[in-house]
Amino acid sequence: MASVISHPAVPLALAVALGPTRVPAALAAAACAASILPDVDSLGFAAGIPYDHTFGHRGFTHSLVFAILTALAGGVLAKRLGASASAAFIIVFVSTASHGVLDAMTTGGLGVAFFSPFSNARSFLPWRVIRVSPIGVGPFFSSWGLQVLKSELLWIWTPAAVFAAIGVAVRRSG
Ligand SMILES: [Zn+2]
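The sequence shown finishes on residue 1140 if you use our numbering, and the numbering steps up by one all the way, no holes.
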């Protein structure tokens, strides 16, 4: 994973860029949860499911199919999230799918099973610039953790902030 605190950068940037009319707070909160949801598979990791298994870490829950299923749930709950079904679907889909994309840019572990359950092949993107985050909280408070935060600040939060700022500027000028 990129670290748990950095995956929500994507939904937060979307929410700021698109504004509260399109992305109300409840939808933004759900999208933040969706962005970290794929790492529920680390529970299976702890329970002894092998990393390269379909339900191993970065397996099915990191796939596009899982992102679509999560987005469908978002669409069904759209009214409660204060948004239209299509907006909820798109925001939740992008937030969930971005998790695998960010993980596929990290420097460690196995790749991401984007096409699970059809293929369990694990892939990385050509740009592996994000320092892989340790699994678990203990090792996070270490110099490794600090390096992860630095690289996530540079490669996740900075582009997210730029995207958000551009979105706000476009909305203000429109
Ligand atoms: Zn992950």
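Don't be surprised by glycine CBs; every beta carbon is placed ideally from N, CA and C.
Quiz item: What is the rounded straight-line gap between the Cα of SER1001 and the Cα of ALA1051?
Solution: What you label residue 1001 is simply residue 35 of the sequence shown in a count that begins at 1. What you label residue 1051 is simply residue 85 of the sequence shown in a count that begins at 1. Near 18 angstroms, if we compare the C-alpha coordinates of ALA1051 and SER1001.
Quiz prompt | Under the three-state DSSP convention, the category VAL1149 falls into | solution = Look at the range of the chain in this structure, 967 to 1140, and you will see that residue 1149 is not part of it.
Quiz item: Is ASP1018 near ligand 1, in the sense that its beta carbon is under 6 angstroms from a heavy atom of that ligand?
Solution: Position 52 of the sequence shown, counting from 1, holds the residue named residue 1018. ASP1018: no, Cβ never under 6 angstroms from ligand 1.
Exercise. For GLY1048, I'd like the list of residues in its chain whose CB is within less than 7 angstroms of its CB, leaving aside the five on either flank, ordered along the chain.
Key: Within the sequence shown, the letter at position 82 stands for residue 1048. The residues are PRO990, ALA992 and LEU993.
Practice problem: Check whether the Cβ of PRO1004 sits closer than 6 angstroms to any heavy atom of ligand 1, and report yes or no. | Solution: If you number the sequence shown from 1, residue 1004 lands on position 38. At least one heavy atom of ligand 1 is nearer than 6 angstroms to the Cβ of PRO1004, so yes.
Practice problem: Give me the Cα-Cα distance between ILE1057 and ARG1046, rounded to the nearest whole angstrom. | Solution: As a working mapping, residue 1057 is identified with position 91 in the sequence shown. As a working mapping, residue 1046 is identified with position 80 in the sequence shown. Roughly 15 angstroms between the two C-alpha positions.
Quiz item: At a cut of 8 angstroms, does the region 1029 to 1044 reach the region 972 to 982 through at least three beta carbon pairs?
Solution: no
Quiz item: So, do the region 1035 to 1044 and the region 1012 to 1019 have three or more beta carbon pairs nearer to each other than 8 angstroms?
Solution: no
Quiz item: Would you report the Cα separation of ALA1063 and ALA1079, rounded to the nearest angstrom?
Solution: Translated into positions along the sequence shown, residue 1063 becomes position 97. Translated into positions along the sequence shown, residue 1079 becomes position 113. In a straight line, the C-alpha of ALA1063 is about 11 angstroms away from that of ALA1079.
Self-check item: ARG1137: first and last residue of the uninterrupted alpha helix (DSSP H) it sits in
Solution: For the purposes of this step, residue 1137 is taken as the residue at position 171 of the sequence shown. Where ARG1137 is concerned, the enclosing alpha helix (DSSP H) stretches over 1124 to 1139.
Quiz item: Mind checking whether PRO977 and SER1061 have CB atoms under 7 angstroms apart?
Solution: Counted from its first residue, the sequence shown places residue 977 at position 11. Counted from its first residue, the sequence shown places residue 1061 at position 95. Contact flag set, yes.
Quiz item: To which residues does DSSP link ILE1096 through a beta bridge?
Solution: Position 130 of the sequence shown, counting from 1, holds the residue named residue 1096. Beta-bridge pairing links ILE1096 to THR1072.
Quiz prompt | Pick from LEU1003, VAL1042 and ALA1070 that is closest to LEU1091, judged by C-alpha positions | solution = Here residue 1091 is taken as the residue at index 125 of the sequence shown, counted from 1. The residue with the shortest Cα to Cα distance from LEU1091 is ALA1070.
Quiz item: For VAL1098 versus GLY1074, is the C-beta spacing smaller than 7 angstroms?
Solution: Residue 1098 sits at position 132 when you count from the first residue of the sequence shown. Residue 1074 sits at position 108 when you count from the first residue of the sequence shown. Yes, they are a contact pair.
Quiz item: When you compare only the Cα positions, how much space is there between LEU1112 and ILE1122?
Solution: Walking along the sequence shown from the start, residue 1112 turns up at place 146. Walking along the sequence shown from the start, residue 1122 turns up at place 156. Between LEU1112 and ILE1122, the C-alpha separation is close to 15 angstroms.
Practice problem: List the whole-angstrom C-beta distance separating ALA1054 from GLY1041, where the pair is believed to meet the contact cut-off of C-beta under 8 angstroms. | Solution: As a working mapping, residue 1054 is identified with position 88 in the sequence shown. As a working mapping, residue 1041 is identified with position 75 in the sequence shown. So it is a contact: roughly 5 angstroms between Cβ atoms.
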